[in-house]
Amino acid sequence: MEVTDVRYRVEVSKLIPFAAEILTKYGEDPEDAAITAEALAEADICGVRSHGFVRFGQYINRVKQGSLAVKTPVSIISESRNTALLDGHNGFGFVVCQKALEIARAKAEKSNIAFVSVKNSNHFGAAGIWASRLAGRDMVAFVGTNAEPIVSAPGGLGRAIGSNPFSWAAPAGKYGQLCLDISAGAMAQGKIWEYRRLNKPFPPHCWLGPDGVETTDPFYTDFAEFIMMPFGGHKGFGLAVMMEVFTSLLSGGPLDAEIPSLARDMDKQQHLTQFFCAISVETFRPLAEFVGDSERLIEYLHSLPVKEGAAPVMYPGEPEFISRRAALKDGLLIPETVVRELNELAESVGVAGAAQIFDQRLEMS
Ligand SMILES: NC(=O)c1ccc[n+]([C@@H]2O[C@H](COP(=O)([O-])OP(=O)(O)OC[C@H]3O[C@@H](n4cnc5c(N)ncnc54)[C@H](O)[C@@H]3O)[C@@H](O)[C@H]2O)c1
Numbered sequence: 253m254e255v256t257d258v259r260y261r262v263e264v265s266k267l268i269p270f271a272a273e274i275l276t277k278y279g280e281d282p283e284d285a286a287i288t289a290e291a292l293a294e295a296d297i298c299g300v301r302s303h304g305f306v307r308f309g310q311y312i313n314r315v316k317q318g319s320l321a322v323k324t325p326v327s328i329i330s331e332s333r334n335t336a337l338l339d340g341h342n343g344f345g346f347v348v349c350q351k352a353l354e355i356a357r358a359k360a361e362k363s364n365i366a367f368v369s370v371k372n373s374n375h376f377g378a379a380g381i382w383a384s385r386l387a388g389r390d391m392v393a394f395v396g397t398n399a400e401p402i403v404s405a406p407g408g409l410g411r412a413i414g415s416n417p418f419s420w421a422a423p424a425g426k427y428g429q430l431c432l433d434i435s436a437g438a439m440a441q442g443k444i445w446e447y448r449r450l451n452k453p454f455p456p457h458c459w460l461g462p463d464g465v466e467t468t469d470p471f472y473t474d475f476a477e478f479i480m481m482p483f484g485g486h487k488g489f490g491l492a493v494m495m496e497v498f499t500s501l502l503s504g505g506p507l508d509a510e511i512p513s514l515a516r517d518m519d520k521q522q523h524l525t526q527f528f529c530a531i532s533v534e535t536f537r538p539l540a541e542f543v544g545d546s547e548r549l550i551e552y553l554h555s556l557p558v559k560e561g562a563a564p565v566m567y568p569g570e571p572e573f574i575s576r577r578a579a580l581k582d583g584l585l586i587p588e589t590v591v592r593e594l595n596e597l598a599e600s601v602g603v604a605g606a607a608q609i610f611d612q613r614l615e616m617s
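253 is the number of the first residue of the sequence shown in our numbering; add one for each residue after it.
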């Protein structure tokens with residue numbers, strides 16, 4: 253059955269303070285609430301809808317159930333000239349990450365390279381947001397998180413390991429940044445909401461049911477019960493395992509297998525672990541030369557021949573670059589289901605103004 257895709261056009265500059273006000277009503281400090289709202293908006297701006305405001309209700313739910321602390325007093329457990337291990341004290345992952353990347357950048361500016369490891373954190377949304385911010389205009393960045401077990405092992409039964417998303421970013425002058433932001437799974441869990449909303453089948457080789465049977469039906473089982481297949485078989489699986497080394501093992505946090513489910517175990521703390529690695533480009537060569545070569549690499553990719561009817565080759569980060577330009581010019585297109593949830597949450601804590609923010613209803617063709 254065809255479903256009409258209904259969305260609201262929303263100005264980013266209005267949505268962020270609105271969402272931040274809701275978060276402050278739940279007890280988040282205003283500065284931290286702004287960081288959280290901006291990071292969620294950034295995912296939607298980049299077109300990563302699986303990790304934008306669609307998740308707002310999930311975080312609030314965890315706050316209500318006591319598994320996510322609204323205050324985020326990040327502290328330093330240990331540090332050296334170019335490393336640090338931080339404790340996020342179970343606060344909002346976005347706030348922990350923002351503080352961790354500020355420390356990583358400051359250390360890399362002084363010491364050329366920095367690696368900051370974080371424990372007792374929470375879901376940080378789209379990895380690319382953090383890699384992109386960490387890289388800025390002058391660094392190469394590598395960022396990752398661990399996550400609850402959701403990905404199957406090749407040939408295995410059930411859930412084996414987290415999707416452990418990671419992102420690399422590097423400055424690319426007029427093209428923004430080269431930025432690859434992926435998980436080890438064939439498709440991020442948050443995308444299930446979009447397939448359900450539009451009643452569209454999944455592409456093949458992405459999801460198994462709890463019975464281990466591969467399915468393309470987004471209603472085959474409960475949202476939280478789908479098992480993700482790794483991308484590229486043993487390659488994606490192997491990447492997920494090695495990401496545990498950079499996250500759980502280096503920080504001393506729990507293994508993926510010990511982490512409760514984000515979507516199902518609402519009352520259980522996740523104790524996620526993350527890392528932020530920054531390398532100053534100038535340590536190796538003049539920044540202008542590096543950026544010039546990034547642009548040359550992208551122009552080479554754009555010049556590649558493609559099969560008849562195929563779209564031009566894009567660089568990693570280009571879909572987000574295009575989405576960002578459109579969102580900042582024309583506003584965000586937020587699904588009606590998400591707008592409804594935001595409205596309800598705002599009403600429940602007495603935040604007004606939703607009618608003025610969500611005033612342009614569109615039926616997408
Ligand atoms: N926090 C978590 O626990 C968690 C878990 C899983 C995924 N995620 C996030 O979900 C999002 C989606 O993850 P995914 O694994 O489904 O990634 P994806 O398959 O959507 O791939 C996205 C990446 O591929 C690039 N890309 C897309 N099309 C391209 C093309 N034609 N040519 C070149 N590059 C192209 C994009 O620029 C981007 O870097 C990411 O932001 C990820 O960080 C978060």
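Here a beta-carbon is modelled for each residue, glycine too, at the ideal position from N, C-alpha and C.
Closer than 6 Å: residue i CB and nearest ligand 1 heavy atom
{"i": "Val465", "result": "no"}
{"i": "Ser500", "result": "no"}
{"i": "Val300", "result": "yes"}
{"i": "Ser384", "result": "no"}
{"i": "Ala509", "result": "no"}
{"i": "Ser217", "result": "Any question about residue 217 goes unanswered here, given that the chain covers just 253 to 617."}
{"i": "Ile434", "result": "yes"}
{"i": "Ala393", "result": "no"}
{"i": "Met494", "result": "no"}
{"i": "Gly569", "result": "yes"}
{"i": "Pro417", "result": "yes"}
{"i": "Gly318", "result": "no"}
{"i": "His219", "result": "What is shown of the chain runs 253 to 617, which leaves residue 219 out entirely."}
{"i": "Met566", "result": "yes"}
{"i": "Gly380", "result": "yes"}
{"i": "His523", "result": "no"}
{"i": "His457", "result": "no"}
{"i": "Ala285", "result": "no"}
{"i": "Ala412", "result": "no"}
{"i": "Ala578", "result": "no"}
{"i": "Ala358", "result": "no"}
Residues near residue i by beta carbon distance below 7 Å, same chain, minus five either side
{"i": "Glu273", "result": "Val603"}
{"i": "Gln429", "result": "Ser384, Ala387, Ala421, Ala422, Pro423 and Gly569"}
{"i": "Leu553", "result": "Val565 and Tyr567"}
{"i": "Met616", "result": "Asp257 and Arg259"}
{"i": "Val493", "result": "Ile413"}
{"i": "Ile624", "result": "Outside the shown range of the chain, which is 253 to 617, sits residue 624, and nothing can be said about it."}
{"i": "Ala295", "result": "His303, Gly304, Gly377, Ala378 and Ile381"}
Cβ neighbours of residue i in the same chain (closer than 8 Å, five flanking residues each side left out)
{"i": "Val558", "result": "Pro564 and Val565"}
{"i": "Glu599", "result": "Ala606"}
{"i": "Gly485", "result": "Pro406"}
{"i": "Ser415", "result": "Ala399, Ile402, Val403, Ser435, Ala436, Gly437, Ala440, Gln441, Met480 and Ala492"}
{"i": "Leu614", "result": "Val258, Arg259, Tyr260, Arg261 and Leu585"}
{"i": "Glu588", "result": "Val258, Arg259, Tyr260 and Arg613"}
Sequence-distant residues of the same chain with beta carbon closer than 6 Å to residue i, five excluded per side
{"i": "Val315", "result": "Tyr278 and Val322"}
{"i": "Ile329", "result": "Leu337 and Asp339"}
{"i": "Glu280", "result": "Val322"}
Residue i vs residue j beta-carbon contact at 7 Å
{"i": "Phe478", "j": "Ala405", "result": "no"}
{"i": "Asn398", "j": "Leu514", "result": "no"}
{"i": "Val262", "j": "Ala293", "result": "no"}
{"i": "Trp382", "j": "Leu409", "result": "no"}
{"i": "Ala436", "j": "Leu491", "result": "yes"}
{"i": "Thr468", "j": "Phe454", "result": "yes"}
{"i": "Pro447", "j": "Pro482", "result": "The sequence shown places Tyr at residue 447, not Pro. Cβ atoms of Tyr447 and Pro482: not closer than 7 Å."}
{"i": "Asp519", "j": "Gln310", "result": "no"}
{"i": "Val347", "j": "Phe528", "result": "no"}
{"i": "Ile402", "j": "Met495", "result": "no"}
{"i": "Met253", "j": "Asn374", "result": "no"}
{"i": "Phe305", "j": "Val590", "result": "yes"}
{"i": "Arg333", "j": "Ser363", "result": "yes"}
{"i": "Ser369", "j": "Ser503", "result": "yes"}
{"i": "Ile312", "j": "Leu597", "result": "yes"}
{"i": "Arg357", "j": "Ala530", "result": "yes"}
{"i": "His303", "j": "Gly461", "result": "no"}
{"i": "Phe270", "j": "Ile609", "result": "yes"}
{"i": "Gln612", "j": "Ser319", "result": "no"}
{"i": "Ile297", "j": "Ala579", "result": "yes"}
{"i": "Thr335", "j": "Asp284", "result": "no"}
{"i": "Lys359", "j": "Gly505", "result": "no"}
Bridge partners - residue i, DSSP secondary structure assignment
{"i": "Gly396", "result": "Phe418 and Phe527"}
{"i": "Met391", "result": "Ser532"}
{"i": "Ala283", "result": "Residue 283 is actually Glu in this sequence, not Ala. Per DSSP, none; premise fails for Glu283."}
{"i": "Val262", "result": "Leu584"}
{"i": "Trp459", "result": "Thr467 and Met480"}
{"i": "Ala366", "result": "Ala530"}
{"i": "Cys431", "result": "Ala421"}
ask   = Below 8 Å, can you find three or more Cβ-Cβ pairs linking the segment 537 to 549 to the segment 414 to 434?
value = yes
inquiry  = Would you call the segment 278 to 290 in contact with the segment 570 to 581, where contact means no fewer than 3 C-beta pairs closer than 8 Å?
reply    = no
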